[in-house]
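Worksheet: the structure to be examined is printed underneath.
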Amino acid sequence: MLVFIDDSGDPGFKLHKGSSPVFVIALVIFDDELESEKTSLTIKELRRKLKVSDSYEFKFNKTNRKFRNSFFESVKRFKFKIRAIVVKKEDVYSQRLKNFKENFYNYVVMQVLKHNGGSIINAKLKFDKRGERALRNELRVYLSSRLDNKNKKIFKDLKFVDSRQNTLIQLADMVAGAIFSSSSGKDKSYLNTLKKSGRVEDIWPFK
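Below is the structure:
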């Protein structure tokens, strides 16, 4: 099992200074590694169809409507599941989470992995490489501890990869962006495409 994880919005709480009112963590889950390879190949082929560089990175916030629609139409037929958590920051009261971005980020990731409906077992987790190595190691230790991973066996491997070189992290970015767009009262069409194709397993509004 492969799980690709990315976010949309930002983990900051300076809402009056431009921080996003919503924060999303999205998981893209493949039970079959061959299916993940087929999906990755289709994304690479889409670059050719769109006449962009083979190194072009699909990022929701940097792509136009045409590219977004083409992307979701291309990948929706593949067998992956989407689980996500949507946090409205006005519902967060813990000062520790509000004052320390990394604590907030780690906590939200832990929550979406913990409440997985039994659908994530012995997974290989892939995160977009972010922050310094010490912060990445902190996330690894935090998840292992808080998820009681030795006993629950939610994941067996956790790696940070460069999104520019990993099309399935790009898929997670696009999915997170689609959920953020819908949850922010903007464009719901991208998420609706994924829902209609049966890709969305659960989107949890954090309370």
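In our numbering, the protein residues as written are 5 to 211.
Positions of the beta carbon are idealized from the N, C-alpha and C atoms, including for glycine.
Cβ-Cβ separation between V90 and S24: approximately 11 Å, too far for a contact (criterion under 8 Å). The alpha helix (DSSP H) runs lying completely inside the stretch 76-127 and spanning 4 residues or more are 99-103, 105-118, given in chain order. Put simply, the backbone Cα of S148 is about 10 Å away from that of K160. If you compare the alpha carbons of T46, V165, N103 with that of F8, the shortest gap goes to V165. With a threshold of 16 other beta carbon atoms within 10 Å, V145 falls short and is exposed. Per DSSP, S12 is one residue of the beta strand (DSSP E) stretching across 6-12. Within the DSSP secondary-structure output, V165 pairs in a beta bridge with D132. Counting along the chain, the unbroken alpha helix (DSSP H) around D177 starts and ends at 171-187.
With respect to I173, L117 sits apart: the two C-beta atoms are not nearer than 8 Å. The beta carbon of D95 is closer than 8 Å to those of F210, K211 in its chain, skipping five residues each way along the sequence.
Under DSSP, D206 shares a beta bridge with R87.
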